[in-house]
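Engineer:
There are 2 protein chains.
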Amino acid sequence: MGVQTDLREKLISDYAKLSPQMQKAARYILDHPSDVALRSMRAVARSANVPPSTVTRLMSAIGVETWQEFRDHYQNRLLDQPASYAQRARETQRTENDANRDEHLLESICRTEIDNLSAAFTPEMVSSMIETCEAIENARQVFIVGRGAAYPAAFQFAYAYRLFCDNGVLVDGHSGTFGDELRGIGRRDLLIALGAKPYIRDTVRAVEFARSQHCPVIAVTDSDVSPIATDALCKLVVRDTSQSFFQSFTASLSMMQALVALLVARGGHKALQRIAAAEEQLARFDTYLEE
Amino acid sequence: MGVQTDLREKLISDYAKLSPQMQKAARYILDHPSDVALRSMRAVARSANVPPSTVTRLMSAIGVETWQEFRDHYQNRLLDQPASYAQRARETQRTENDANRDEHLLESICRTEIDNLSAAFTPEMVSSMIETCEAIENARQVFIVGRGAAYPAAFQFAYAYRLFCDNGVLVDGHSGTFGDELRGIGRRDLLIALGAKPYIRDTVRAVEFARSQHCPVIAVTDSDVSPIATDALCKLVVRDTSQSFFQSFTASLSMMQALVALLVARGGHKALQRIAAAEEQLARFDTYLEE
DNA sequence: AAAACACCGAAACATATGTTTCAGATAGCG
DNA sequence: CGCTATCTGAAACATATGTTTCGGTGTTTT
Chain A
18 MGVQTDLREK LISDYAKLSP QMQKAARYIL DHPSDVALRS MRAVARSANV PPSTVTRLMS
78 AIGVETWQEF RDHYQNRLLD QPASYAQRAR ETQRTENDAN RDEHLLESIC RTEIDNLSAA
138 FTPEMVSSMI ETCEAIENAR QVFIVGRGAA YPAAFQFAYA YRLFCDNGVL VDGHSGTFGD
198 ELRGIGRRDL LIALGAKPYI RDTVRAVEFA RSQHCPVIAV TDSDVSPIAT DALCKLVVRD
258 TSQSFFQSFT ASLSMMQALV ALLVARGGHK ALQRIAAAEE QLARFDTYLE E
Chain B
18 MGVQTDLREK LISDYAKLSP QMQKAARYIL DHPSDVALRS MRAVARSANV PPSTVTRLMS
78 AIGVETWQEF RDHYQNRLLD QPASYAQRAR ETQRTENDAN RDEHLLESIC RTEIDNLSAA
138 FTPEMVSSMI ETCEAIENAR QVFIVGRGAA YPAAFQFAYA YRLFCDNGVL VDGHSGTFGD
198 ELRGIGRRDL LIALGAKPYI RDTVRAVEFA RSQHCPVIAV TDSDVSPIAT DALCKLVVRD
258 TSQSFFQSFT ASLSMMQALV ALLVARGGHK ALQRIAAAEE QLARFDTYLE E
């Protein structure tokens with residue numbers, strides 16, 4: 018070895034001493050190593066939102082003569098570990114009942130998650146999601162309920178939704194009783210209910226209550242015949258296959274995120290303006306770390 | 018899309034019908050596929066002892082419009098990505114002002130999410146996750162902190178973890194001040210911190226406090242140089258690329274779920290017994306709907 | 001033998017790339 | 001306040017890149 022230090026490590030260790038703009042460049046490079054190997058310097062600079070000169074300066078700052086040298090290093094790295102997905106699967110399978118049981122488990126989890134995810138974006142689901150969006154756009158208030166393991170996805174949606182709409186209510190029962198928050202729900206509102214087997218009683222009750230008040234329901238659940246999905250306006254059925262005792266809520270979360278993205282895209286300028294305002298407000302509160 | 022044939026196969030099948038010089042070029046390309054991905058066209062031509070024009074002609078001979086298209090194909094093969102980031106971006110842009118804009122957006126979101134997910138389960142990440150598990154198993158108390166958009170993933174882990182271990186603490190600041198919950202943290206404990214750009218001040222402060230008390234930190238974040246990741250025991254770097262203004266936390270959530278699954282798998286019978294006990298307790302409380 | 005044809009490589013071309021230069025901006029300090 | 005030192009981005013620069021053009025070569029066809 019000797020002088021052949023790993024440039025990536027060097028970039029990390031020197032990161033603190035770099036100028037702000039160089040940090041931006043360095044950060045992009047660290048986060049997208051394959052870009053260095055495959056794309057041009059100017060293209061990388063463009064993606065990092067930095068002028069080309071900054072990248073050249075970064076090179077000399079970390080003691081690299083030329084971009085070529087840097088690129089070569091990353092190309093070799095890329096060639097050394099052609100850890101393709103398929104190859105990885107084969108390797109892990111070969112050593113199935115072996116010492117690296119853990120690796121195999123994680124590999125299998127990854128595949129399952131990807132399957133769950135693609136199942137959530139089939140054409141039928143996509144059109145259901147678009148319907149859901151229309152329902153949300155026309156609703157007076159949007160209630161979101163998800164208990165237990167479904168709570169993260171519900172929270173995620175409520176959190177993002179609140180950044181550009183103020184008619185969202187996360188029914189989390191954190192303060193006082195659960196039912197209080199649903200008071201006044203009616204036919205012009207909308208309830209988004211999340212939950213998979215085993216169905217949590219609270220969630221089902223919330224759905225039943227909403228329906229009794231003629232409030233339409235969007236069900237994000239694991240089956241067309243789940244107690245949450247009965248008579249729902251839209252049934253967003255997500256797979257939650259998992260290797261562990263615990264169902265996977267990855268697909269639910271992803272779908273909720275996709276709904277938010279879709280709402281924003283359809284909302285156009287107005288939505289973006291509200292987001293900007295919300296973020297500025299957060300910045301005022303000193304929520305975020307400065308650059 | 019649709020007619021997305023494999024260009025390498027095309028090269029092989031058409032080989033016989035090519036002119037001698039083109040065969041020389043084709044042959045070199047077949048023998049050195051990574052050269053196509055990494056080097057320039059002229060460089061490849063030089064190595065193949067062929068003028069550049071021959072390579073261009075070869076492109077049109079096999080029905081490829083431009084060398085870029087050819088190179089992109091080989092780059093994707095090298096990365097084993099079903100669709101390149103650039104390609105995806107172009108596709109989405111192309112159909113931006115279209116009738117079925119929504120469908121395209123969702124389709125593109127799905128692909129991005131899958132990319133994020135596979136990036137979270139690369140061999141390096143897998144080994145980091147296993148290290149993380151060992152750290153968790155040896156910790157006295159396990160603190161989990163994630164604010165804002167990172168909260169779902171933190172909650173998810175804490176919720177599942179509590180079903181089979183009782184030394185987990187979700188630092189959510191719901192009651193009283195944030196710092197209170199970290200009181201007494203020390204070198205035998207462990208802090209799992211989640212957060213992506215823009216970094217929420219509270220999270221960073223929690224990390225700094227933990228480090229000042231010599232408590233090791235596991236960082237689930239978006240970059241090796243994120244303020245959360247500095248001096249972390251394990252850096253679990255997850256991609257959060259997203260089509261919307263909002264980062265995607267799908268990969269974070271999935272990784273946390275995977276950690277739980279891994280912990281349970283390594284925990285063996287004991288873990289399963291505890292889970293059974295926890296579920297029975299929940300059933301006693303009438304949490305779930307009966308069948 | 002001449003014409004028609006496919007094939008080839010040097011050179012021309014417009015564009016893109018990596019690097020350097022320079023002038024303005026910004027922050028630190030006496 | 002002024003002075004310095006650093007940082008930054010636009011522009012300039014020489015070079016490299018992908019593609020096209022064009023004339024030349026050899027082979028086939030009539």
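These protein sequences, in sequence, are chains A and B.
Residues in the first sequence are numbered consecutively from 18, following the working numbering.
Residues in the second sequence are numbered consecutively from 18, following the working numbering.
For every residue, glycine included, the Cβ atom is placed at its ideal position computed from N, Cα and C.
For chain B, check one thing: does any of its Cβ atoms lie closer than 8 Å to the Cβ of P169 of chain A?
Structural biologist: yes
Engineer: What does the Cβ neighbour count give for F302 of chain A, buried or exposed, with the cut at 16 atoms within 10 Å?
Structural biologist: exposed
Engineer: With DSSP collapsed to three states, give me the class of T238 of chain A.
Structural biologist: strand
Engineer: Evaluate Y287 of chain A with the Cβ neighbour count: other Cβ atoms within 10 Å of its Cβ, from every protein chain shown; 16 or more gives buried, anything less gives exposed.
Structural biologist: The question names Tyr, but residue 287 of chain A in the sequence shown is Lys. Exposed, since its Cβ has fewer than 16 Cβ neighbours within 10 Å.
Engineer: By Cβ distance below 7 Å, which residues in the same chain neighbour Q38 of chain B in space, the five residues on each side in sequence not counted?
Structural biologist: V67 and T71
Engineer: From this set, A:N184, A:V188, A:R157 and A:T220, which residue's C-alpha is nearest F172 of chain A's C-alpha?
Structural biologist: A:V188
Engineer: Return the first residue and the last residue of the alpha helix (DSSP H) that L299 of chain A is part of.
Structural biologist: Run containing L299 of chain A: T267 to R301, per the alpha helix (DSSP H) assignment.
Engineer: What are the residues of the segment 175-190 of chain A that lie near chain B, defined by any Cβ-Cβ distance shorter than 7 Å?
Structural biologist: Y176 and A177
Engineer: Between the C-alpha atoms of V281 of chain A and I147 of chain A, what's the straight-line distance to the nearest angstrom?
Structural biologist: 12 Å
Engineer: Going by DSSP, what residue range makes up the beta strand (DSSP E) through V186 of chain B?
Structural biologist: In the DSSP assignment, V186 of chain B falls within the unbroken beta strand (DSSP E) covering G185 to V188.
Engineer: R228 of chain A to V143 of chain A, Cα distance in whole Å?
Structural biologist: Here the alpha carbons of V143 of chain A and R228 of chain A stand approximately 25 Å from one another.
Engineer: Check the Cβ-Cβ distances between I29 of chain A and every residue of chain B, and say whether any is below 8 Å.
Structural biologist: Closer than 8 Å to some Cβ of chain B, the Cβ of I29 of chain A qualifies, so yes.
Engineer: Report, in whole angstroms, the separation of the C-beta atoms of C232 of chain B and D206 of chain B, which I expect to be a contact under 8 Å.
Structural biologist: The C-beta distance from C232 of chain B to D206 of chain B rounds to 5 Å, short enough to fall under 8 Å.
Engineer: So which residues on chain B does T267 of chain A lean against when the C-beta distance must stay under 7 Å?
Structural biologist: T267, L270, S271 and Q274
Engineer: Which residues in the same chain have their Cβ closer than 8 Å to the Cβ of A293 of chain B, if we skip the five residues on either side of it in sequence?
Structural biologist: Cβ neighbours of A293 of chain B beyond the five flanking positions: none.
Engineer: With DSSP run on the structure shown, which of helix, strand or coil describes Y176 of chain B?
Structural biologist: The answer is helix: DSSP assigns Y176 of chain B an H, G or I state.
Engineer: Are the CB atoms of M273 of chain B and A166 of chain B within a distance shorter than 8 Å?
Structural biologist: no
Engineer: Between the alpha carbons of K214 of chain B and L306 of chain A, how many angstroms are there, rounded?
Structural biologist: 9 Å
Engineer: Assign S36 of chain A to one of two classes, buried (16 or more other C-beta atoms within 10 Å of its C-beta) or exposed (fewer than that).
Structural biologist: exposed
Engineer: For K27 of chain A, does the three-state DSSP call read helix, strand or coil?
Structural biologist: helix
Engineer: Spatial neighbours of L95 of chain B within its chain, please: C-beta separation below 7 Å, excluding the five flanking residues on both sides.
Structural biologist: S51 and A54
Engineer: Would you list the one or two residues that DSSP bridges to G163 of chain B?
Structural biologist: Per DSSP, B:L211.
Engineer: Determine whether the Cβ of G165 of chain A lies closer than 8 Å to any Cβ atom of chain B.
Structural biologist: yes
Engineer: Could you pull the start and end residues of the alpha helix (DSSP H) that L75 of chain B belongs to?
Structural biologist: P69 to A78
Engineer: Between the segment 35-52 of chain A and chain B, which residues of the former have CB atoms less than 8 Å from a CB of the latter, in chain order?
Structural biologist: Q40, A43, R44, L47, D48 and S51
Engineer: Going by DSSP, what residue range makes up the alpha helix (DSSP H) through K252 of chain B?
Structural biologist: Careful: K252 of chain B lies outside any alpha helix (DSSP H), inside the beta strand (DSSP E) at C251 to V254.
Engineer: By the three-class DSSP mapping on this structure, what secondary structure does Y305 of chain A have?
Structural biologist: strand
Engineer: With distances taken Cα to Cα, identify the nearest neighbour of R59 of chain B among B:R88, B:Y32 and B:G80.
Structural biologist: B:R88
Engineer: In chain order, what residues of the same chain have a beta carbon less than 7 Å from the beta carbon of L299 of chain A, not counting five sequence neighbours either side?
Structural biologist: Y305
Engineer: Using a C-beta to C-beta distance shorter than 8 Å, which residues of chain B count as neighbours of S229 of chain A?
Structural biologist: Simply none; closest approach about 17 Å.
Engineer: Measuring only the C-alpha atoms, how far is A156 of chain A from Y178 of chain A?
Structural biologist: 13 Å
Engineer: So which of A:R164, A:R204 and A:C182 has the shortest CA-CA distance to G310 of chain A?
Structural biologist: With chain A covering only 18 through 308, there is no way to say anything about residue 310 of chain A.
Engineer: Using a C-beta cutoff of 8 Å, does S145 of chain B count as contacting chain A?
Structural biologist: no
Engineer: Among B:R256, B:Q85, B:A236 and B:R56, whose alpha-carbon lies nearest the alpha-carbon of L134 of chain B?
Structural biologist: B:R256
Engineer: Taking the beta carbon of A33 of chain B as the centre, do at least 16 other beta carbons fall within 10 Å, making it buried, or is it exposed?
Structural biologist: By the 10 Å Cβ count, A33 of chain B comes out exposed.
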